[in-house]
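Heads up: the sequence shown begins at 136 in my numbering, then just goes up one per residue.
We treat Cβ as the ideally placed atom computed from N, Cα and C, and that holds for glycine.
Here the structure is laid out as C-alpha cells; the discussion comes afterwards.
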Amino acid sequence: MAFQFLDSVDVKTGIRDIFFDNITDADQTVIDKAEASAIEKMKSSLSGRYDVDAIFTATGAARNELILEYCIYIFLYRLHARINPRKVSSTVKENYREAMDWLKRVMNSEENPNLPVLPNDEIGSGSVRYGGTQTSKDNFY
Numbered sequence: 136m137a138f139q140f141l142d143s144v145d146v147k148t149g150i151r152d153i154f155f156d157n158i159t160d161a162d163q164t165v166i167d168k169a170e171a172s173a174i175e176k177m178k179s180s181l182s183g184r185y186d187v188d189a190i191f192t193a194t195g196a197a198r199n200e201l202i203l204e205y206c207i208y209i210f211l212y213r214l215h216a217r218i219n220p221r222k223v224s225s226t227v228k229e230n231y232r233e234a235m236d237w238l239k240r241v242m243n244s245e246e247n248p249n250l251p252v253l254p255n256d257e258i259g260s261g262s263v264r265y266g267g268t269q270t271s272k273d274n275f276y
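See the structure below:
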C-alpha cells in the first residue's frame, strides 16, 4: 500500500486493517484519491501562512504529528463518506469536525502551530486582507 504523505503505520493509528480494507475495497485508486483530497483540503487552509510544500514533502520523523493526525481524520472521513454519508460513525464525524475547526482557527490566526512559515515576501500574496487608506471625497449620489 503506497501513500503520498501518510504511511500504513499512520493509518493503523486511526483504523484497523480489516476495516480499512472493507471501506476501500482494497482499491489503491480509492486510497490515493482520498489521501490527495485530504492533503489538498489541508493545503488550501494552510497555504496563506505556511510552506505547504515543505510540510507535505517531509518524511519520517520530520513530519508534524498534528498535521498527520488531522490529515488522517480527513482521509478516513472521505473514505467512510464514500460508502454512505448518512451512516458515518459519530467518532469519525467528530474527528473530522475537530480537524476542520482546527484548520479554521489556523486560517484565522487563532492558533499558531509549529510549522514552516512562508517567507515574508510570499505571505498574503494571494489576497488582500485590508482596504487602503484613501477615502473618496466626491460622492455624487
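| Check | Outcome |
| --- | --- |
| Length of the line joining the Cα atoms of residue 149 and residue 179 | 23 angstroms |
| Residue 200 versus residue 235: straight-line alpha-carbon distance, rounded | 16 angstroms |
| Three-way DSSP call (helix, strand, coil) for residue 227 in this model | helix |
| Residues near residue 240 by beta carbon distance below 7 angstroms, same chain, minus five either side | 246 |
| Pair within 8 angstroms by beta-carbon distance, residue 221 and residue 172 | no |
| Residue 208 versus residue 244: straight-line alpha-carbon distance, rounded | 22 angstroms |
| Backbone CA spacing between residue 198 and residue 188 [nearest angstrom] | 12 angstroms |
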